[in-house]
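J.: Each residue of the sequence shown is one higher than the one before, starting from 435 at the first, in our numbering.
Ideal Cβ placement from N, Cα and C applies to all residues, glycine included.
Because the structure is a prediction, the values reported are computed rather than measured.
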Amino acid sequence: MNAIPTIEKKGGVSTLLVDGKPMILLAGEVHNSSTSSLEYMEDVWTHGKKLGMNCLLLPITWELLEPEEGHFDFTLVDGLIGQARAHDMKIVFLWFGTWKNAQSTYAPEWVKRDLKRFRRAQLEKGQNFMLMKKFHNLAYSTLSYLCEETMRADAAAFAALMAEIRRIDSDYHTVVCVQVENETGMMAAARDHSDEADTLFYSKVPSDLAAYLRENTDTMVPEIREAVLGGQADGNWEEMFGAQAEEMFSAYYTARYVNTVAAAGKQEYPLPMSVNCWLNREGAIAGIYPSGGPISKVREIWRFCAPSIDLYSPDIYLPDFQGIVSEYTRRGEPLFIPECPTHSYAASRNLLCVGKYHAMCYSPFGIEDMGQPLNASQMALFGADPSDPALNKSQDVETYSQINHLLDGMMDKLLSKYGTTELDAASGEFESESSFHMDGVKIKVKYTEKEGGLLILRESMQEFYILAHHAWLNFQSDSPEKPGIDILALEDGQFVDGVWHRRRRFNGDEIVSNTFTADEPVLLRVKLFTYC
Ligand code: DGJ
């Protein structure tokens, strides 16, 4: 029982092990301010539980953890862990330290006030603060990724947090992962413009980084590969990387900083550690999105600088959900989504992430509001689109809960198929029809609503478990030698303690011409037989 949560990579798939057993985090992230009150959180746990979640992603903020330098208050940390245990749920803590959304608003007062000791980034020469002209004129300031004093202070606070988690949780494993900082990088400029930054930027690129980048061009996004191969073989950042130099410079120093914080924490208690990404919209330039943050574009720099980081997690609010998921899994990294919308595609995306991408974590953001009409800022964040009403509607809580409970019940089965072709999924958001071909049978699906989805797991020869929602299914032979097909068994039910519990057995009107329609989320056991 004493094995610390860890990530195991086996047969090309990475899974989170908790108490030595694989686990999928069917999770939810709470709003930024919820965890500042244990009393407020009581209802949030109940809501998360109702949604079938087994884990919550919860901010721990530097300002409340260390209100005075060297004086730590663990009331919230200990209280949240106690609440999670009472609700039989797990926690991923989110460390809001130096950075939260590319700003430093969660740094304690004693850090914010001391501009000399804890230097701010200069967005323009001599400017610690500015209004972002290209970003709704919002006021902006951030601590500098070059300030060693801030890095040491943040690392010390994070180490104290991890030591406390070890103290109260190393026998229980309620906390299974920790996110280090939140959406790092800097806005308004592609790099710090202080004198110190200029000196470093116009000095030679560290030779170990340059060598690593040249050896790892295969996995790079095209613009970084071109920059690495196209620039001078040796020289300063601009000479070596041209137009990409400023973002690469910021990535190098941000990743080193975050790694120092993560390593200090791991020294106390080595839980898996993640970083989340504020994504770069297609065609946007660094500074319009946080420059130097851990996006796929600069992954090779982060991987070189941050060996203590285990997971790179996209916060997916942009519309191209599948494209982003593919980008963040193409290097063989596990899918860990800490934030995504609670609009009405939330449930079908959950099925897709688990079934098709064998995700480690799927976690909509702001679960307190799931089921409530979306407000204006959520509409903007979620990419509201009148031509797709599903984007403007909140996820139905009952549906989300049913799907999560069914997934949770079959977790061992799902995990036994992770990394194989015997587990797949598709969703009505991305296609109106899908076909799955396995064991000489074809399972054709038409989605009766765009919010529909389907996950299929091959149990044994021509026997499947299918989790379907808003889907019409048709079972056909896929083999010319055996064109006939019978449905030997079609039933719905659920797994309880790993054992299948049948509810209805379907036949007659419900399966005319080998079809079945799933209006509500339903888990089916299907046994087919092909013959000639
Ligand atoms: C992304 C951040 O990581 C979250 O903390 C939150 O601020 C959302 N954006 C916006 O609601």
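Once DSSP output is grouped into helix, strand and coil, what is the label at residue 935?
T.: strand
J.: For the alpha helix (DSSP H) containing residue 642, list its first residue and its last residue.
T.: Counting along the chain, the alpha helix (DSSP H) containing residue 642 begins and ends at 641–649.
J.: Does the Cβ of residue 800 lie closer than 7 angstroms to at least one heavy atom of the ligand DGJ?
T.: yes
J.: In terms of DSSP beta bridges, what is residue 481 paired with?
T.: In the DSSP output, where bridge partners are listed per residue, residue 481 has none listed.
J.: Only counting runs of 4 or more residues, tell me where the alpha helix (DSSP H) segments fall wholly within the segment 638–712, in order along the chain.
T.: 641–649, 656–664, 671–675, 679–702
J.: The ligand DGJ and residue 497: does any heavy atom of the ligand fall closer than 7 angstroms to the residue's C-beta?
T.: Using a cutoff of 7 angstroms, the CB of residue 497 does not count as near the ligand DGJ, since none of the ligand's heavy atoms is closer than that.
J.: In the DSSP assignment, find the alpha helix (DSSP H) that holds residue 597 and state where it starts and stops.
T.: 582–603
J.: Beta carbon of residue 441, beta carbon of residue 706: below 8 angstroms?
T.: yes
J.: In this structure, does DSSP put residue 969 in helix, strand or coil?
T.: Since the first residue of the chain shown is 435 and the last is 966, residue 969 is not available in this structure.
J.: Would you check if there are 3 or more beta carbon pairs closer than 8 angstroms linking the segment 596–609 to the segment 546–554?
T.: Contact between the segment 596–609 and the segment 546–554 is absent, because fewer than three Cβ pairs lie under 8 angstroms.
J.: For residue 694, does the count of other Cβ atoms within 10 angstroms reach 16, so buried, or fall short, so exposed?
T.: buried
J.: Taking the C-alpha atoms as reference points, what is the distance between residue 585 and residue 579?
T.: Roughly 8 angstroms separates the two Cα atoms.
J.: In the DSSP assignment, find the beta strand (DSSP E) that holds residue 959 and state where it starts and stops.
T.: 956–965
J.: Among 708, 805, 591, 718, which residue has its Cα nearest to the Cα of residue 737?
T.: 708
J.: Residues in the same chain with beta-carbon distance under 8 angstroms from residue 452, minus the five sequence neighbours each way, listed in chain order, please.
T.: 439, 524, 607, 610
J.: By Cβ distance below 8 angstroms, which residues in the same chain neighbour residue 967 in space, the five residues on each side in sequence not counted?
T.: Since the first residue of the chain shown is 435 and the last is 966, residue 967 is not available in this structure.
J.: Which whole runs of the beta strand (DSSP E) in the segment 854–891 are 3 residues long or more, in chain order?
T.: 857–861, 867–872, 875–881
J.: If I follow the unbroken beta strand (DSSP E) through residue 606, where does it start and stop?
T.: Boundaries cannot be given for residue 606, as no beta strand (DSSP E) includes it and DSSP labels it neither H nor E.
J.: How far does the alpha helix (DSSP H) with residue 813 in it extend, from its first residue to its last?
T.: 810–815
J.: The alpha helix (DSSP H) that contains residue 511, what's its start and end?
T.: 509–520
J.: With distances taken between CB atoms, is the gap from residue 927 to residue 903 smaller than 8 angstroms?
T.: no
J.: Looking at the ligand DGJ, does it come within less than 7 angstroms of residue 491, judged from the CB to the closest heavy atom?
T.: no
J.: Could you say which of 733, 698, 559, 703 lies nearest to residue 659 if we only look at CA atoms?
T.: 733
J.: Using beta-carbon positions only, say whether residue 951 and residue 906 come within less than 8 angstroms of one another.
T.: yes
J.: Would residue 827 pass as a contact of residue 862 if the rule is Cβ separation under 8 angstroms?
T.: Result no, Cβ atoms of residue 827 and residue 862 do not sit closer than 8 angstroms.
J.: Which of the three DSSP states is assigned to residue 436 in this structure?
T.: Reduced to three states, the DSSP call for residue 436 is coil.
J.: Going by C-alpha distance, which of 703, 683, 498 is nearest residue 599?
T.: 703
J.: Short of 6 angstroms in beta carbon distance, which residues of its chain neighbour residue 519, apart from the five on each side in sequence? Order them along the chain.
T.: 608
J.: Can you give me the start and stop residues for the alpha helix (DSSP H) that residue 546 sits inside?
T.: 543–546
J.: Using the rule of at least 16 other Cβ atoms within 10 Å of the residue's Cβ for burial, across every protein chain shown, is residue 728 buried or exposed?
T.: buried
J.: Which whole runs of the beta strand (DSSP E) in the segment 449–498 are 3 residues long or more, in chain order?
T.: 455–457, 459–463, 489–495
J.: Among 454, 838, 891, 497, which one has its Cα closest to the Cα of residue 860?
T.: Minimum Cα distance to residue 860 is reached at 891.
J.: Measuring only from the beta carbon, is residue 948 closer than 7 angstroms to any heavy atom that is part of the ligand DGJ?
T.: no
J.: With which residues is residue 927 paired in a DSSP beta bridge?
T.: When beta bridges are read from the DSSP output, residue 927 appears opposite 936.
J.: According to DSSP, what are the bridge partners of residue 749?
T.: 712, 773
J.: Using CA coordinates, which residue listed in 489, 688, 752 is at the minimum distance from residue 715?
T.: 752
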